[in-house]
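Let me begin by presenting the structure, written as structure tokens, before commenting on it.
In the numbering used here, the protein residues as written are 708 to 799.
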């Protein structure tokens, strides 16, 4: 009598993942004359301090990578911080 392979065992059902929450500060969409929906030009997204820190860390990493990881990491961080803050301020 042949043995059952491990692949024939039944697996427990997996519950579906919940939808992520919608951004809280987004402006409502508006309809154009043609009837299509577009986001309002006044839509703003709130960036948490943790998201800002991650954006700065990524920018600082790429700065260091461009010069072969030689030099001052503090300078990379401060320049990346100024760059990200300028980008975030221009969104307003």
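Using N, Cα and C, we set each Cβ at its ideal position, and we do this for glycine too.
{"query": "Where residue 785 falls: helix, strand or coil (DSSP)", "result": "helix"}
{"query": "Sequence-distant residues of its chain with Cβ nearer than 6 Å to residue 763 (five each side left out)", "result": "787, 788 and 791"}
{"query": "Local Cβ density within 10 Å of residue 793, reported as buried at 16 or more and exposed below that", "result": "exposed"}
{"query": "Span separating the alpha-carbon of residue 734 from that of residue 778", "result": "With a pLDDT of only 48 at residue 734, under 50, the local geometry of the prediction cannot be trusted, and no value is derived from it."}
{"query": "Range of the contiguous alpha helix (DSSP H) that encloses residue 759", "result": "756-773"}
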